[in-house]
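Novice: Numbering (UniProt numbering), first residue to last: 1 to 282.
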Amino acid sequence: MEKYKVISLVGEGSFGRVFKAEEKNTSRIVAFKVINKRGRSEKELRSLRQECEIQQHLHHPNIIQMLDSFETDNEIVVVTEFAKKELYTILGNEGNLPEPRAREIACDLVSALYYLHSHRVLHRDLKPQNVLLDSEDGTAKLCDFGFARSMTTGTHVLTSIKGTPLYMAPELIEERPYDHNADLWLGMEKTVMQKSVSLGCIVYELLVGSPPFCTTSILHLVRLVRHGAVHWPDFISEPCKDFLQGLLQKDPSKRLTWPELLEHAFVKGRVVIAENEKSKSN
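Structure (structure tokens):
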């Protein structure tokens with residue numbers, strides 16, 4: 001704790017508190033996430049430590065970099081790079097974004113997901129609250145790996161249900177086995193609850209100002225996700241519409257995924273691929 005000087009409170013929730021802090025030796029501004037151990041089960045604490053274990057090995061410009069982590073008697077502390085803006089807040093303030101800006105964010109998120117999936121890591125809780133924007137150049141960075149899962153080499157599908165409740169791909173609603181395609185699905189939206197959406201739904205909401213499905217009824221929500229049609233406004237370009245239609249396929253076997261996702265006209269040439277991943281995409 002003595003290595004850091006806390007500057008101000010940035011956010012607070014059930015997970016704990018996030019502070020803006022300064023690393024004393026370098027004067028670098030960092031995010032300081034403090035999670036109280038009290039009242040948490042051993043299973044929850046193991047999950048938090050697993051999040052740290054996964055995130056400390058991730059190094060990509062579109063993923064928030066974990067810099068340090070440690071424990072005190074009462075707290076778990078995670079130190080990451082600092083990114084001031086939340087995509088969720090920008091959506092709330094601006095409603096929607098011009099397609100060129102939405103495309104930039106989409107490419108940043110595709111870059112992050114390709115890196116994660118190449119390292120056999122599923123995020124499983126994609127939503128605007130878990131996307132931060134760098135205050136310098138507006139680069140989108142994926143954060144919060146509390147529900148992330150590392151798949152072993154022999155693992156092809158998962159069956160446990162993770163993510164914000166009720167915001168799941170069709171294969172999760174129906175309790176079918178799933179893989180990285182669940183990260184690419186749209187998710188679901190319930191206006192009275194926290195959003196939890198994946199790549200397709202985030203990009204759709206950036207453009208339109210609302211998710212593909214909006215309802216306050218849980219049963220109606222389930223029916224829409226499983227059987228409902230997505231409305232396509234006229235102002236969405238054909239390449240963008242084709243990209244989103246490929247992601248919003250209800251059948252995961254027909255969903256746009258790797259490696260064809262990298263070659264889609266909407267993102268081609270704009271995805272940041274780490275040097276050690278290039279051979280995997282060929």
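Just so you know, even glycine gets a beta-carbon here, dropped at the ideal spot from N, CA and C.
Compare the C-alpha of His231 against each of Ile105, Phe243, Pro212 and Lys24 and name the closest.
Specialist: Ranking Ile105, Phe243, Pro212 and Lys24 by Cα distance to His231 puts Pro212 first.
Novice: If we count the other Cβ atoms within 10 Å of its Cβ and call it buried at 16 or more, is Pro128 buried or exposed?
Specialist: Flag for Pro128 reads buried.
Novice: Contact criterion: CB-CB distance below 9 Å. Does Glu22 meet it with respect to chain D?
Specialist: Of the chains in the structure shown, none is chain D; there is only one protein chain.
Novice: Taking DSSP's pairing of strands, which residues face Ile7 in a bridge?
Specialist: According to DSSP, Ile7 bridges with nothing at all.
Novice: Helix or strand or just coil, what does DSSP make of Thr215?
Specialist: Strand at Thr215.
Novice: Taking only three categories from DSSP, how would you classify Asp134?
Specialist: If DSSP states are grouped into helix, strand and coil, Asp134 belongs with coil.
Novice: May I ask you to report which of helix, strand or coil DSSP gives Leu67?
Specialist: It is a strand residue.
Novice: What is the residue span of the alpha helix (DSSP H) that Phe243 lies within?
Specialist: Unbroken alpha helix (DSSP H) run through Phe243: Glu238 to Leu247.
Novice: State buried or exposed for Leu247, treating a residue as buried only when at least 16 other CB atoms are found within 10 Å of its CB.
Specialist: Answer is buried; the Cβ neighbour count reaches 16.
Novice: Tell me which residues share the same chain as Ala21 and place their Cβ nearer than 7 Å to its Cβ, disregarding the 5 neighbours each side in the sequence.
Specialist: Same-chain partners within the cutoff: Tyr4, Lys5, Val6, Ile7, Val30 and Phe32.
Novice: Using the three-state DSSP reduction, which class does Cys36 fall into: helix, strand or coil?
Specialist: The sequence shown places Asn at residue 36, rather than the Cys named in the question. Of the three classes helix, strand and coil, the one that applies to Asn36 here is strand, per DSSP.
Novice: When you compare the segment 235-255 with the segment 264-276, are there three or more beta-carbon pairs, one atom per stretch, that lie closer than 8 Å?
Specialist: Because the criterion of three Cβ pairs below 8 Å is met, the segment 235-255 and the segment 264-276 touch.
Novice: Alpha carbon to alpha carbon, what distance is there between Leu126 and Lys37?
Specialist: If I take the Cα positions, the gap works out to 25 Å.
Novice: Whole angstroms is fine: what's the gap from Asp144's alpha carbon to Asp234's?
Specialist: Distance between the alpha carbons of Asp144 and Asp234: 34 Å.
Novice: What are the boundary residues of the beta strand (DSSP E) that Glu22 is part of?
Specialist: Note, Glu22: beta strand (DSSP E), Gly16 to Glu23.
Novice: In whole angstroms, give me the CA-to-CA distance for Val79 and Ser217.
Specialist: C-alpha separation (whole angstroms): 39 Å.
Novice: Give a yes or no on contact between the segment 200-211 and the segment 95-111, applying the rule of three or more CB pairs nearer than 8 Å.
Specialist: Verdict: yes, contact present.
Novice: Taking just the CA atoms, how far does Leu199 sit from Cys107?
Specialist: Each residue's alpha carbon lies about 10 Å from the other.
Novice: Do residue 284 and Val110 have their CB atoms nearer than 9 Å?
Specialist: Within the shown structure, residues of the chain are numbered from 1 to 282, placing residue 284 beyond reach of any answer.
Novice: In whole angstroms, what is the alpha-carbon distance linking Leu48 and Ala229?
Specialist: Approximately 37 Å between the Cα atoms of the pair.
Novice: Ile202: which of Glu53, Tyr88, His57 and Thr215 sits nearest, CA to CA?
Specialist: For Ile202, the nearest C-alpha among the options comes from Tyr88.
Novice: If distances are taken between C-alpha atoms only, which option among Glu2, Arg40 and Glu12 comes closest to Lys24?
Specialist: Ranking Glu2, Arg40 and Glu12 by Cα distance to Lys24 puts Glu2 first.
Novice: Would Arg46 pass as a contact of Val34 if the rule is Cβ separation under 9 Å?
Specialist: No. Outside cutoff.
Novice: Where does Asn93 land, buried or exposed, given buried means 16+ other C-beta within 10 angstroms?
Specialist: That one is exposed.
Novice: Just to confirm my understanding: we take Val271, look at its own chain, exclude 5 residues before and 5 after, and list those with CB closer than 7 Å. What are they?
Specialist: Counting only Cβ-Cβ distances below 7 Å, and skipping sequence neighbours, we find Cys107, Val110, Ser111, Tyr114 and Leu262.
Novice: Per DSSP, Ile29 is paired with what?
Specialist: Answer by DSSP bridge pairing, in chain order: Glu22.
Novice: With a cut-off of 8 Å on the beta carbons, I'd call Leu122 and Asn130 a contact; round off their distance for me.
Specialist: Going by Cβ atoms, the distance from Leu122 to Asn130 rounds to 13 Å, so no, they are not a contact pair.
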